[in-house]
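S.K.: Residue 35 is where the sequence shown starts when you use the working numbering, and the numbers rise one by one after that.
In this text, a Cβ means the ideal position worked out from N, Cα and C, and glycines have one as well.
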Amino acid sequence: MHRAVPEDWRAWREVRLRGLRSDPDAFGSAWQREQDFTEQQWRERLATSYAVLARVGAAVQAEPVATGGLVIPTPGVSQVVAMWTAPEHRGRGVGRAVLEHLVGAVPRGDRLVLWVADQNPAERLYRDLGFAPTGAREPIRPGATLMKSEMERPPRPAGPPPSAAGA
35 MHRAVPEDWR
45 AWREVRLRGL
55 RSDPDAFGSA
65 WQREQDFTEQ
75 QWRERLATSY
85 AVLARVGAAV
95 QAEPVATGGL
105 VIPTPGVSQV
115 VAMWTAPEHR
125 GRGVGRAVLE
135 HLVGAVPRGD
145 RLVLWVADQN
155 PAERLYRDLG
165 FAPTGAREPI
175 RPGATLMKSE
185 MERPPRPAGP
195 PPSAAGA
């Protein structure tokens, strides 16, 4: 797993469009919208967010099979976005590894939120990693009947990490 940079735009586009096609109700965006993005738009997305690509195998050129990202919608709040794992890799800990990586990248003291569509099996993973519903709900996309719910994870304490025992 590695942080995606603008030079990774082709791999990001490949796995993102695959996710939008295979699980359209898991995203606030749509394949029809993003399929026509230009190279510059893909690069800008990676330059303005914290995005990760998980790949099968150790090689950098291995097939990307999962994504996740962080954006900062307002100061002091980090939001998990673009979480997706290829169906053939679900249940193997890939999504958990992506989310744990993202949680570790959140600035200390920031609220960490995400939105999950109703009846999305990923909600179990989010709960297992400490996320809980906030009560906020809205349509997954404008005009949609499918709803999504906000979940929040308690912030890590502000300040330096605790020192090791016995140090």
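Helix, strand or coil for residue 102 per DSSP?
M.R.: Three-state DSSP puts residue 102 in a strand.
S.K.: Among residues of its own chain, excluding the 5 on either side of residue 8, which ones have a beta-carbon nearer than 7 Å to its beta-carbon?
M.R.: This structure gives no information on residue 8, because the portion of the chain shown stretches from 35 to 201.
S.K.: Under the rule that 16 or more other beta-carbon atoms within 10 Å means buried, what is residue 120, buried or exposed?
M.R.: By the 10 Å Cβ count, residue 120 comes out buried.
S.K.: Just how far apart, CA to CA, sit residue 114 and residue 35?
M.R.: So the alpha carbons of these two residues sit roughly 16 Å apart.
S.K.: What ranges does the beta strand (DSSP E) occupy inside the region 43–116, keeping only unbroken runs of at least 3 residues that lie completely in it?
M.R.: Within the region 43–116, the complete beta strand (DSSP E) runs of at least 3 residues are 84–89 and 98–108.
S.K.: Taking the CB atoms as reference points, tell me whether residue 140 and residue 100 lie closer together than 7 Å.
M.R.: Result no, Cβ atoms of residue 140 and residue 100 do not sit closer than 7 Å.
S.K.: Determine the direct distance from the alpha carbon of residue 162 to that of residue 150, and round the result to whole angstroms.
M.R.: Whole-angstrom Cα-Cα distance: 14 Å.
S.K.: By Cβ distance below 6 Å, which residues in the same chain neighbour residue 170 in space, the five residues on each side in sequence not counted?
M.R.: Only 184 meet the Cβ criterion.
S.K.: Per DSSP, what kind of secondary structure is residue 163 in: helix, strand or coil?
M.R.: It is coil, neither helix nor strand.
S.K.: Could you give the residue range of the beta strand (DSSP E) that holds residue 145?
M.R.: 145–151 is the extent of the beta strand (DSSP E) around residue 145.
S.K.: When you compare the region 130–138 with the region 67–81, are there three or more beta-carbon pairs, one atom per stretch, that lie closer than 8 Å?
M.R.: No: fewer than three Cβ pairs fall under 8 Å.
S.K.: For the beta strand (DSSP E) that contains residue 184, what are its first and last residues?
M.R.: Start and end: 181–187.
S.K.: My output table needs one value for residue 129: the three-state DSSP class, helix, strand or coil.
M.R.: The answer is helix: DSSP assigns residue 129 an H, G or I state.
S.K.: Tell me the DSSP secondary structure of residue 158 in three-state form.
M.R.: Looking at residue 158 - three-state DSSP - the assignment turns out to be helix.
S.K.: Helix, strand or coil, according to DSSP, for residue 173 in the structure here?
M.R.: It is a strand residue.
S.K.: Using the rule of at least 16 other Cβ atoms within 10 Å of the residue's Cβ for burial, across every protein chain shown, is residue 180 buried or exposed?
M.R.: Classification of residue 180: exposed, given that the 10 Å Cβ count is below 16.
S.K.: Does DSSP put residue 178 in a helix, a strand or coil?
M.R.: Coil at residue 178, not helix or strand.
S.K.: Taking 7 Å as the cut-off, decide whether the C-beta atoms of residue 102 and residue 86 are in contact.
M.R.: Yes, the Cβ-Cβ distance between residue 102 and residue 86 is below 7 Å.
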